[in-house]
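Below: the structure, in structure tokens.
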Amino acid sequence: MGAGGALTRAAVVGVITGAVGAYPIGGFIAKNPFGVDLPLGIPVTGIYLAVMFGGFVLWWERWMPSRG
Numbered sequence: 015m016g017a018g019g020a021l022t023r024a025a026v027v028g029v030i031t032g033a034v035g036a037y038p039i040g041g042f043i044a045k046n047p048f049g050v051d052l053p054l055g056i057p058v059t060g061i062y063l064a065v066m067f068g069g070f071v072l073w074w075e076r077w078m079p080s081r082g
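Just so you know, we're using this note's numbering here: the sequence shown kicks off at 15 and counts up by one.
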């Protein structure tokens, strides 16, 4: 399993998670008193989810093979 495969899987998971979760979670954040309105809440949430889940998948792909 090369580094390119891990990076590709992390990017795909990040983009899909960010796209699917951006509207429901961003809409929830905009409806609560966090001081963020809907046009800003959705993209920020999508980017956050993409980075967090993509980073986790990349970490997992790199860490698990070394555990043997």
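Every residue gets a Cβ at the ideal spot worked out from N, C-alpha and C, and that includes glycine.
These figures come from a predicted structure and were not determined experimentally.
- Contact annotation: residue 60 and residue 36 have beta-carbon atoms nearer than 7 Å.
- Proximity of the region 50–60 to the region 24–36 meets the contact definition, three or more beta-carbon pairs being nearer than 8 Å.
- Separation of residue 19 and residue 51 (C-alpha to C-alpha, rounded to the nearest whole angstrom) is 37 Å.
- In the structure shown, residue 49 adopts coil according to DSSP, grouped into three states.
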